[in-house]
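**Student:** Chains as they are written, first to last, in our numbering: chain A, 327 to 675; chain V, 53 to 127. Just so you know, even glycine gets a beta-carbon here, dropped at the ideal spot from N, CA and C. All values derive from a computational prediction rather than experimental measurement.
1) From which residue to which residue does the beta strand (DSSP E) around residue 88/V run?
2) From the DSSP output, read off the bridge partner residues of residue 58/V.
3) Would you check if there are 3 or more beta carbon pairs closer than 8 Å linking the stretch 386 to 399 of chain A to the stretch 425 to 434 of chain A?
4) In chain V, which residues lie with their C-beta within 9 Å of the C-beta of residue 451/A?
5) By a C-beta neighbour count over all protein chains shown, 10 Å radius and 16 as the cutoff for buried, is residue 110/V buried or exposed?
6) Strictly under 8 Å for the Cβ-Cβ distance: is residue 71/V near chain A by that measure?
7) Of the residues 483/A, 639/A and 402/A, which one's Cα is nearest the Cα of residue 548/A?
8) In this structure, does DSSP put residue 110/V in helix, strand or coil?
9) Evaluate residue 534/A with the Cβ neighbour count: other Cβ atoms within 10 Å of its Cβ, from every protein chain shown; 16 or more gives buried, anything less gives exposed.
10) Please state the DSSP three-state secondary structure of residue 674/A.
11) With the cut-off set at 8 Å, would you say residue 500/A and residue 464/A are in Cβ contact?
12) Using the beta-carbon count (16 or more within 10 Å), is residue 540/A buried or exposed?
13) Residue 108/V touches chain A at which residues, Cβ-Cβ below 9 Å?
14) Report the rounded CA-to-CA distance for residue 341/A versus residue 558/A, giving the unit in angstroms.
15) Does the beta carbon of residue 631/A come closer than 8 Å to any beta carbon on chain V?
16) Any residues in the stretch 329 to 355 of chain A with a beta carbon nearer than 7 Å to a beta carbon of chain V? Which ones, in chain order?
17) By DSSP, does residue 585/A sit in helix, in strand, or in coil?
18) Please report the distance separating the alpha-carbon of residue 484/A from that of residue 492/A.
19) From residue 406/A to residue 344/A, what distance separates their C-alpha atoms?
20) Shortest alpha-carbon distance to residue 66/V belongs to which of 127/V, 82/V, 117/V and 96/V?
21) According to DSSP, simplified to helix, strand and coil, what is residue 654/A?
22) Pull up the CB-CB distance for residue 629/A and residue 592/A, whole angstroms please, since I reckon it's below 8 Å.
23) Cα separation between residue 78/V and residue 97/V?
24) In chain order, what are the residue ranges of uninterrupted alpha helix (DSSP H) at least 4 long that sit wholly in the stretch 381 to 451 of chain A?
25) With 16 other CB atoms within 10 Å as the buried threshold, where does residue 338/A fall?
26) For the 8 Å Cβ check, are there 3 or more pairs between the stretch 642 to 649 of chain A and the stretch 602 to 615 of chain A?
27) Nearest to residue 601/A by CA position, among 622/A, 474/A and 573/A, is which residue?
28) Would you tell me roughly how many angstroms separate the C-alpha atoms of residue 126/V and residue 551/A, rounded to the nearest one?
29) Using CA atoms only, rank isn't needed, just tell me which of 595/A, 648/A, 481/A and 355/A is closest to residue 508/A.
30) I need the DSSP call for residue 544/A, collapsed to helix, strand or coil.
31) Is it true that the CB of residue 616/A sits closer than 8 Å to the CB of residue 583/A?
32) Taking only the alpha-carbon atoms, compute the straight-line gap between residue 69/V and residue 121/V and give it to the nearest angstrom.
33) Which ranges would you report for the alpha helix (DSSP H) in the stretch 445 to 508 of chain A if only whole runs of at least 4 residues count?
34) Below 8 Å on the Cβ atoms is my contact criterion, and I expect residue 102/V with residue 55/V to pass it. Report the Cβ-Cβ distance as a whole number of Å.
35) Could you tell me the distance, in whole angstroms, from the CA atom of residue 538/A to the CA atom of residue 597/A?
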């Protein structure tokens, strides 16, 4: 277990340094506000005179200047999880069929995979060879929404109350939906396997040099995959800023039940790769999106998309897929309304 | 020899394919590389992608092995 311990230490140190950094910059900001000093302006302010074709580029510059520290740490943590945490460890606990398995699947899921493309095979594995349909669904729905990198970025770019709301509501939504679908409606299909997993733990001896190299490669692969997607997300927000007015955004994504339903439905359909939802949502918030629709989108966006739903229906029947998609939509609406009740508005920094 | 690379086609699978090609080149062996991208077929064999299967036997899953490791499996 030496390798695991070493990895946990690295992840803990990275998290601690990020907390110190965030704390410090929040403190500086509040001190400046108290003393009545103006906050430093965006490095690339977007004004009425900015030519339209420069707006996406300016938006990009502003995001990167705000988020680069958090993004770097998030990538390093994601790489470390991939390298140091043996997936077998979590899977081993996923062969029981008790309600505990739902929570292990929902909370441990993010440790298994940061990459959205590897989620479906793991889902199929838990479904067929392990705890069965319910816990497999809990994993499928929670893993992309609460992975540590996405949570860190949410806290840093949108707000720590949103990050916390996201964790609590995403885990509840995943457990409730998967229990209704897997434990009640489709209890008979996919009961999993009685024997549980036949798992051999890998060789755990730590070779620092090789582990560090592997960590570096994994982090780099993650950066290479995610950064272009984040850029595309930011450019789309830039285009939205040019095309739509704040009035339109306030009308469709302002506070309210219909608006929350609209945002939840968008989240179910649109493909939002891990981490991309954060700059995307921040851009919409700047334009006047309210907290209810925001949380609804954060709940359903990463968890579901048309491509992922089609992928999953290669493995399980489309009736099950349709049921959990509809239920997740409903949970998005409920979660959004709940969050809007507790946090009616947020101040972006 | 038949080598199968299992994965839906993301970054990790592409990198695994590069490593396999390098290993084949360095060891001077010939093999047919097949990419398995259908989820149903992937999940019959492995749970963690990318998966590497040589002559029907799963040799690694959920990580990208080094060229040296792959060369050992090719023997």
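**Tutor:** In short:
1) 84 to 88
2) 88/V and 103/V
3) no
4) 95, 98, 99 and 100
5) With fewer than 16 other Cβ atoms within 10 Å, it is exposed.
6) no
7) 402/A
8) strand
9) Label assigned to residue 534/A: exposed.
10) coil
11) yes
12) buried
13) Here the premise fails: no neighbours, minimum Cβ distance about 18 Å.
14) Looking at the two C-alpha atoms, the distance is approximately 27 Å.
15) Output row for residue 631/A: interface = no.
16) none
17) Looking at residue 585/A - three-state DSSP - the assignment turns out to be helix.
18) 11 Å
19) Going by the C-alpha atoms only, they are around 15 Å apart.
20) 117/V
21) helix
22) Between residue 592/A and residue 629/A the Cβ distance is about 13 Å, and since that is not below 8 Å, they are no contact.
23) 27 Å
24) The qualifying runs are 381 to 410, 413 to 418 and 425 to 438.
25) exposed
26) no
27) For the residues 622/A, 474/A and 573/A, the minimum Cα distance to residue 601/A belongs to 474/A.
28) 29 Å
29) 648/A
30) helix
31) no
32) 14 Å
33) Runs of the alpha helix (DSSP H) lying entirely within the stretch 445 to 508 of chain A and spanning at least 4 residues, in chain order: 445 to 455, 459 to 468, 474 to 483 and 486 to 504.
34) Between residue 55/V and residue 102/V the Cβ distance is about 12 Å, and since that is not below 8 Å, they are no contact.
35) 33 Å
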